[in-house]
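Data first, discussion second: the structure below is written as structure tokens.
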């Protein structure tokens, strides 16, 4: 018989030994109950595909993260005030209005224009590391590529990009964990303040923005409408953080999955036409976003449970994406998989705005790694995961490969023969 509370807690997912076997842990939770009260987190936890996908788009549930700003700790309150203005943590009509404003920069057609630029960016990275025979996939590829792409969209000068990345990390840590000390909370708020100050300067510069960039769209919007400028800055910060943090995790997770499943990698080398399907399957298999937060607007019934007004629901996307009721043989990489739609990008009205961009970046990286570094292999170092409930990503991923030697005729590296 199922109970409405569980002695286990989702908090255990942050332990290093649990992170390595995370999906086994989720399966244990789901077998106990697919919607249970977590006493340590003071929240409901949903682990099945049916409950997660249903709740993610349920209008009875709110996406507002901080309904009472005054109750937030003093150190985190400045950050909470900014997050409360972002569309990710807003409900209709504010969410609909903000999404309509920003979506023009992220349509599949608009994103497709970036493909050649992405290919060039990945090629530059590969050219740099190819002669060395080793790399940290996270530091050398998964972090710089998404940062380059989102900063190009925002028309951020090259010399300012590392600063933006350094501000993004503490903010993402605060979003991803409720177990921060006062110094970490203060660092997150200060980083957001620095980011907003920079973005204010960027969007009010007198030089003309590069055409067809997000900066051009936002600058026009700020001048031609009565759009709240602070709200615009808050959502620009959201795009910057989400635009590279989650894609960084996806690239690292996908690379690890293929390194651990060499047969799947070989299949993609033989059938590059399967790469779009592989991107979807890799997103399902090890999702960069593990958790969505919802809050009950009023007392309601969900999956046979009574949820009181104001109670929090934690929707575990990573568990839903490994639910055998939705995905047969969920622990297998299957690039021919059909049926259920994964929830790595969320579900319902808050479906990820940058999904098309993330998919394209993933496809470009897979194409390049599979062809340019075909004998990529793990170097045997132990893996370390970021300590986060919301996000899943490696802190580093060390690999080796056959070093390339310069082809003096073409100027490009060629794989060394033995």
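Numbering (my numbering), first residue to last: 404 to 821.
A virtual CB, placed ideally from N, CA and C, is assigned to each residue, including glycine.
- prompt: When DSSP labels each residue in this structure, what does residue 442 get in the three-state scheme?
  reply: Three-state DSSP puts residue 442 in coil, outside helix and strand.
field: Proximity to residue 771 [Cα-Cα], best of 744, 610 and 527
entry: Considering only 744, 610 and 527, the residue with the shortest C-alpha distance to residue 771 is 527.
field: Counterpart residues of residue 591 in DSSP-defined beta bridges
entry: Note: residue 591 sits in no beta bridge, so no partner.
query: Looking at residue 655 and residue 796, is the spacing between their C-beta atoms short of 8 Å?
result: Judged by beta-carbon spacing, residue 655 lies within the 8 Å limit of residue 796, meaning their Cβ atoms are closer than that value.
query: What number of angstroms, rounded off, separates the C-alpha of residue 777 from the C-alpha of residue 720?
result: Cα-Cα distance, rounded: 31 Å.
- request: Closer than 8 Å by C-beta to residue 814: which residues in its own chain qualify, once you throw out the five before and the five after it? Chain order, please.
  value: Residue placement at residue 814 is flagged as unreliable, the pLDDT there being 49, under the threshold of 50; the coordinate-derived value follows with that caveat. None.
- request: Return the CA-CA distance between residue 762 and residue 524, expressed in angstroms with no decimal places.
  value: Those two C-alpha atoms are separated by around 16 Å.
- prompt: Are the beta-carbon atoms of residue 743 and residue 459 separated by less than 8 Å?
  reply: If you check the CB distance, residue 743 and residue 459 do not come in under 8 Å.
- prompt: How would you call residue 768, buried or exposed, if buried means at least 16 neighbouring beta carbons within 10 angstroms?
  reply: Answer is buried; the Cβ neighbour count reaches 16.
- request: Return the chain-ordered list of same chain residues with a C-beta closer than 7 Å to the C-beta of residue 650, the five sequence neighbours on each side being excluded.
  value: Setting aside the 5 residues that flank it on each side, residue 650 is surrounded in the same chain by 549, 761 and 764, each with a C-beta closer than 7 Å to its C-beta; the list follows chain order.
message: Using 8 Å for Cβ pairs, my map puts residue 482 next to residue 574. What's the rounded Cβ distance?
response: In this structure, residue 482 and residue 574 form a Cβ contact; the two beta carbons are roughly 7 Å apart against a cut-off of 8 Å.
- request: May I ask you to report which of helix, strand or coil DSSP gives residue 787?
  value: It is a strand residue.
message: So, with DSSP's three-state summary, where would you put residue 798?
response: Strand at residue 798.
query: Just reading off the alpha helix (DSSP H) that residue 521 is part of, what are its end residues?
result: Here the alpha helix (DSSP H) through residue 521 covers 518 to 532.
task: Determine the direct distance from the alpha carbon of residue 661 to that of residue 667, and round the result to whole angstroms.
output: If you take the alpha carbons of residue 667 and residue 661, they lie about 6 Å apart.
- prompt: Which residue comes first and which comes last in the alpha helix (DSSP H) that contains residue 471?
  reply: DSSP places residue 471 in no alpha helix (DSSP H); its state is neither H nor E.
- prompt: Are the region 612 to 623 and the region 724 to 742 touching by the rule of at least three beta carbon pairs closer than 8 Å?
  reply: In short, these stretches do not touch, since the Cβ pair count stays below three.
query: Is it the case that the Cβ atoms of residue 463 and residue 450 are separated by a distance below 8 Å?
result: Cβ distance not < 8 Å, so residue 463 and residue 450 don't count as in contact.
message: Would you call the region 567 to 581 in contact with the region 787 to 806, where contact means no fewer than 3 C-beta pairs closer than 8 Å?
response: Below 8 Å, enough C-beta pairs join the region 567 to 581 and the region 787 to 806 to call them touching: three or more.
query: From which residue to which residue does the beta strand (DSSP E) around residue 539 run?
result: For residue 539, the uninterrupted beta strand (DSSP E) segment begins and ends at 537 to 539.
- request: Identify every run of the alpha helix (DSSP H) within the region 609 to 660, keeping only runs that are complete inside it and at least 4 residues long; order them along the chain.
  value: You should have 617 to 627.
query: Using DSSP with H/G/I as helix, E/B as strand and the rest coil, what is residue 699?
result: Residue state for residue 699 is assigned as strand, using DSSP reduced to three classes.
query: So what's residue 756 in DSSP terms, helix, strand or just coil?
result: Residue 756 falls in the coil class under three-state DSSP.
query: When the Cα atoms are used, what is the spatial distance from residue 600 to residue 485?
result: Going from the Cα of residue 600 to the Cα of residue 485 covers about 12 Å.
message: Taking its Cβ as the centre, do 16 or more other Cβ atoms sit within 10 Å of residue 798, making it buried, or is it exposed?
response: So residue 798 counts as exposed.
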